[in-house]
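Residue numbers for the sequence shown follow my numbering, beginning at 7 and rising by one.
Think of the CB as a built atom: it goes at the ideal place given N, C-alpha and C, for glycine as much as any other residue.
Reading through the structure tokens given below for one structure.
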Amino acid sequence: MPTYEYECQSCHQRVEAVQKFSDPDLTVCANCGGELRKVFSAVGIVFKGSGFYKNDSRDSKASAKAPTPASTSTSTPIPTPAPATTTEKAAPAKSTTKSD
Numbered sequence: 007m008p009t010y011e012y013e014c015q016s017c018h019q020r021v022e023a024v025q026k027f028s029d030p031d032l033t034v035c036a037n038c039g040g041e042l043r044k045v046f047s048a049v050g051i052v053f054k055g056s057g058f059y060k061n062d063s064r065d066s067k068a069s070a071k072a073p074t075p076a077s078t079s080t081s082t083p084i085p086t087p088a089p090a091t092t093t094e095k096a097a098p099a100k101s102t103t104k105s106d
């Protein structure tokens with residue numbers, strides 16, 4: 007059965023209650039008679055079994071013989087594109103001929 011936490015809106019006292027899912031929520035504070043509201047918080051996670059840790063899925067002999075990822079890479083390197091060139095319009099050339 008889950009444990010629920012309630013907080014009184016008047017005196018701010020917190021109360022824990024072990025209840026079934028089908029049980030009605032607590033509504034009255036036993037301390038002052040004020041309104042109780044459920045407090046929602048993060049849920050704790052427990053990993054049980056093997057395979058959750060780096061050393062769980064391998065034995066010590068296999069991990070010592072395992073090749074490093076850098077030496078087993080079969081991917082081809084991606085070529086880098088050439089830098090884009092900007093085209094600028096040249097200023098019109100000035101005429102150097104003399105007119106009489």
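Sequence-distant residues of the same chain with beta carbon closer than 6 angstroms to T9, five excluded per side: Locating residue 9 in the sequence shown gives position 3, counting from the first residue. Contacts found: E22 and V24.
From the DSSP output, in three-state form, read off C17 for me. Working through the sequence shown from its first residue, we reach residue 17 at position 11. Of the three classes helix, strand and coil, the one that applies to C17 here is coil, per DSSP.
According to DSSP, is K44 part of a helix, a strand, or is it coil? Taking the first residue of the sequence shown as 1, we reach residue 44 at position 38. K44: strand per DSSP, three-state reduction.
Specify the secondary structure class of S23 as computed by DSSP and reduced to three states. Walking along the sequence shown from the start, residue 23 turns up at place 17. With the sequence shown as reference, residue 23 is identified as Ala, and Ser is not the correct amino acid for it. The answer is strand: DSSP assigns A23 an E or B state.
Is it right to say C38 is buried, meaning 16 or more other beta carbons lie within 10 angstroms of its own, or is it exposed? Your numbering for residue 38 matches position 32 in the sequence shown. C38 is exposed by the Cβ-count criterion.
Going by CA-CA distance only, name the one from I51, V49 and T33 that's closest to C14. Here residue 14 refers to the residue found at position 8 when the sequence shown is read from its first residue. The candidate whose alpha carbon is nearest that of C14 is T33.
On the CB-based measure, 16 or more other CB atoms within 10 Å of its CB, does C35 come out buried or exposed? Sequence index remark: in the sequence shown, residue 35 carries index 29 (1-based). C35 is buried by the Cβ-count criterion.
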